[in-house]
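See structure below.
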Amino acid sequence: MTPPLRVLIVAPTPPPLGGQAIQARRLAERLPELPGLEVALLSVNPPLGGLLGTLQRIKYVRTVVTSVAYWWSLLRTVPRYDVVHAFSASYWSFLLAPVPAMLVAKLFGKRVVLNYRSGEGDDHLGNWRSAGWGIRLADRVIAPSGYLVDVFARHGFAAQAIHNFVDTSLIRHRERTVPGTRFFANRHFEPLYNVACVVRAFAVVQRELPGAELTLAGDGSERPALERLVAELGLRNVRFAGRVPMSEMAALYDQADVYLNAPNIDNMPGSVIEAFAAGLPLASTDAGGIPYIVTDGVTGLLVPVGDHEALGRSALRLVREPGLAHRLSTAAYAESQARYVWPAVRERWVALYRELAPA
8 MTPPLRVLIV APTPPPLGGQ AIQARRLAER LPELPGLEVA LLSVNPPLGG
58 LLGTLQRIKY VRTVVTSVAY WWSLLRTVPR YDVVHAFSAS YWSFLLAPVP
108 AMLVAKLFGK RVVLNYRSGE GDDHLGNWRS AGWGIRLADR VIAPSGYLVD
158 VFARHGFAAQ AIHNFVDTSL IRHRERTVPG TRFFANRHFE PLYNVACVVR
208 AFAVVQRELP GAELTLAGDG SERPALERLV AELGLRNVRF AGRVPMSEMA
258 ALYDQADVYL NAPNIDNMPG SVIEAFAAGL PLASTDAGGI PYIVTDGVTG
308 LLVPVGDHEA LGRSALRLVR EPGLAHRLST AAYAESQARY VWPAVRERWV
358 ALYRELAPA
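Under the working numbering, the first residue of the sequence shown carries the number 8, and numbering increases by one thereafter.
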């Protein structure tokens, strides 16, 4: 009997609930359903108990304590697996999370998949000398979008795309045939995602549609500034929903009429393809990899980065032109079902793992 191919996924786990954690958990849950695979998930940020757990709550100390625990976990776990699949962000996170996993994998003669997912990849690869050294530790580099594949190519590295996928058991598709004025955004409240641009765009909307509503799901360092901005602009009907688990996020997609997205830098946000799957018409800035997912005038409306006036006008179009909104959301839903669901990506992951499997 042929032994199973053993794959170790190394990735962040909640909290916080970011895109890497969501996709890693989904892969770890779905891959074992396939015959001949044994899959486990190893956390790069394991919660610790006792005294170590207390130290983990202290700023700066937590990095040292968590890193030591992570290295120890890698040394104990990696030898039992054939392929190490390391999720990766950029900058210091790149050095602290995937690089240790790749080094330990090489120490034990294991094959490595680097799953690089940062929208800041161009700057990282261009300005951090350690990036190239780290990437060369991988046997294969995988990105979730054609955008990052092109970024890697510009810096002399080969990569291939395997897309993110949505959990269709959680996202309910609803066809929106009647215009509504409930707007929704759910990016982290950090400068990178420019949620302030969404708030300012909503001010443009509310000048024309006084009864419009905006729900902001998420949290982060910019929340106090965003709350002040809402007050300064005199906006009504703005709700801060806080951090929302995916099991509850689906209801927020379902309740909304229009999805807004305004990052300054981005790669392939899972929230955009979730909005597609939910049937939401979408207006977004054209940051980074967004145009690789959203085709302007076909599956959504795109505006220049930071242009809240244009974003607000696009949002108004999606309310005032129901035929346009329906056409865009219908095409976006079809795109999500063709490219961003589990059956569309699973065989690509399995083929990759088997290509790297020991003879």
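Virtual Cβ for every residue (Gly too), placed ideally from N, Cα, C.
Alpha-carbon spacing of residue i relative to residue j, whole angstroms
| i | j | result |
| --- | --- | --- |
| R243 | S228 | 23 Å |
| G304 | V279 | 15 Å |
| V46 | T84 | 12 Å |
| T306 | S336 | 6 Å |
| D174 | V348 | 7 Å |
| H333 | T184 | 6 Å |
| I16 | S80 | 13 Å |
| A269 | T222 | 15 Å |
| P351 | A345 | In the sequence on display, residue 351 carries Ala and not Pro. So the two alpha carbons sit approximately 7 Å from each other. |
| L363 | A150 | 17 Å |
| Y200 | V237 | 17 Å |
| A76 | M256 | 32 Å |
| P365 | G116 | 10 Å |
Minimum Cβ-Cβ distance from residue i to chain B less than 8 Å
| i | result |
| --- | --- |
| L121 | Going by chain labels, chain B is absent from the structure shown, which holds only one protein chain. |
Residue range of the unbroken beta strand (DSSP E) whose run includes residue i
| i | result |
| --- | --- |
| T70 | That residue, T70, is in no beta strand (DSSP E); its alpha helix (DSSP H) goes V68 to T84. |
| G249 | V245 to G249 |
| V17 | L12 to A18 |
| A166 | Careful: A166 lies outside any beta strand (DSSP E) and carries neither H nor E. |
| R118 | R118 to Y123 |
Contact set for residue i: own chain, Cβ-Cβ below 6 Å, skip 5 residues either direction
| i | result |
| --- | --- |
| A104 | V51 |
| A138 | H131 and L132 |
| F7 | Any question about residue 7 goes unanswered here, given that the chain covers just 8 to 366. |
| Y260 | A285 |
| R246 | T222 |
| I297 | D273 and S291 |
Residue span of the alpha helix (DSSP H) that contains residue i, given as start and end
| i | result |
| --- | --- |
| F159 | G153 to R161 |
| N134 | G128 to N134 |
| A339 | P329 to R346 |
| R235 | R230 to E239 |
| I29 | G26 to R37 |
Close-in-space but distant-in-sequence residues of the same chain around residue i (CB under 8 Å, 5 per side omitted)
| i | result |
| --- | --- |
| H180 | A284, A285, G286 and Y340 |
Other residues of its chain near residue i: CB distance less than 7 Å, five sequence neighbours each side excluded
| i | result |
| --- | --- |
| D317 | Rather than Asp, the amino acid found at residue 317 in this sequence is Ala. Closer than 7 Å at Cβ, skipping near neighbours: V310 and P311. |
| R320 | V211 |
| A282 | Y260, Y266 and L289 |
message: Whether or not the region 27-47 and the region 66-73 are in contact is what I'm after, with contact meaning three or more pairs of Cβ atoms, one per stretch, closer than 8 Å; do they touch?
response: Contact fails: fewer than three Cβ-Cβ distances are below 8 Å.
message: Measuring CB atoms only, is the region 155-165 touching the region 118-130, in the sense that at least three cross pairs come out at less than 8 Å?
response: yes
- request: Answer yes if the region 188-204 comes into contact with the region 157-169, meaning at least three C-beta pairs across the two stretches below 8 Å, and no otherwise.
  value: no
task: Determine contact between the region 290-302 and the region 266-276, defined as no fewer than three beta-carbon pairs at a distance below 8 Å.
output: Three or more Cβ pairs drawn from the region 290-302 and the region 266-276 lie within less than 8 Å of each other, which places the two stretches in contact.
message: Going residue by residue through the region 269-340, where are the continuous beta strand (DSSP E) segments of at least 3 residues, counting only ones entirely within it?
response: 289-292 and 308-310
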